[in-house]
Every structure is written in structure tokens, then in C-alpha cells.
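**Q** Everything in the sequence shown is counted per this note's numbering, starting at 14 for the first residue and increasing by one. Virtual Cβ for every residue (Gly too), placed ideally from N, Cα, C.
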Amino acid sequence: MKNYINWFEIPATDFERAVKFYKTLFSCEIQEMELFGSQMGFLPSDGIHVTGAIVQGEDYKPSSNGTLIYLNGGEDLSNMLSLAEANGGEVIVPKTSIGENGFMAQFKDTEGNRIAIHSMQ
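1) So what does S51 bridge to, in DSSP terms?
2) Counting along the chain, where does the alpha helix (DSSP H) carrying L94 start and finish?
3) Would you kindly check if the distance between the Cβ of I23 and the Cβ of G65 is under 8 angstroms?
4) Rounded to whole angstroms, how far is the Cβ of M93 from the Cβ of G86, which I believe are closer than 8 angstroms?
5) Between which two residues does the alpha helix (DSSP H) harbouring A118 extend?
6) Enumerate in chain order the residues of its own chain whose CB-to-CB distance from G60 is below 6 angstroms, with the five nearest sequence positions on each side excluded.
7) Where E71 and G54 are concerned, what is the direct C-alpha to C-alpha distance, given to the nearest angstrom?
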């Protein structure tokens with residue numbers, strides 16, 4: 014087993030707002046479709062690395078409690094953290110050194126989910 018995570022889903026109450034937020038954060042296109050009775054916005058994938066989706070559906074409730082995912086913050090997470098804050102997110106933990114493992118930060122997205130980001134610089 015090379016990865017312990019192979020898929021993640023980020024809950025949304027306002028699907029359009031959440032998709033816009035993550036499009037801006039990652040500077041990417043998000044493919045939208047209805048699947049299994051839920052609205053889903055798929056983050057791009059190269060077919061090898063872990064990816065996920067923004068999902069709005071009956072069983073999806075945004076939360077700042079529970080499982081915390083760490084998204085790739087690129088070379089320096091400062092840019093992504095600034096974009097999160099400028100687009101309706103709230104910084105919870107500013108960019109913080111974690112020693113030889115780089116840096117991390119946490120924010121609440123527009124839906125109220127607590128999300129972490131990581132980078133080496």
C-alpha cells in the first residue's frame with residue numbers, strides 16, 4: 014500500500030460558492046456533475062495521485078470538527094492561505110513551521126470545514 018488515502022470529499026452547503034472557492038484556491042477547473050443524488054465537483058487528477066471532490070448532498074454536512082485533511086499548498090502555502098482568506102475563508106492557524114517537515118496552516122473554507130495545507134517552504 015503506497016497511500017493510506019485514495020479519495021476525499023469536502024462537504025458543501027452552497028455548492029456553487031464552494032466550487033468557486035476551491036477553483037480560486039487551486040487555480041484549476043473543477044468538473045461538476047450529479048452522481049448518486051449529490052452534486053459533485055471533481056478536483057483535477059493525473060490518475061496517479063490522491064484527489065477528491067466538493068460534494069453537496071443529504072448526507073454531507075460541513076464541519077470544523079472531525080477528520081482533518083491536509084491539502085498540498087504548493088511550494089509555499091502562503092499564497093494559498095492568502096487566497097483562502099481573500100475569498101471568504103478564515104485563517105485558524107497561520108503558517109507554522111513543523112521543523113524539517115516544512116510548514117502547515119489551517120483555515121475554515123466558505124462552508125465552515127476546517128482544512129489544513131502543507132508545503133515545504
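**A** Taking the geometry as given:
1) DSSP lists L48 as partners of S51.
2) S91 to A99
3) In this structure, I23 lies closer than 8 angstroms to G65 by Cβ.
4) Going by Cβ atoms, the distance from M93 to G86 rounds to 5 angstroms, so yes, they are a contact pair.
5) Here A118 belongs to no alpha helix (DSSP H); instead the beta strand (DSSP E) covers F116 to K121.
6) none
7) Rounded to whole angstroms, E71 to G54 spans 16 angstroms at the Cα level.
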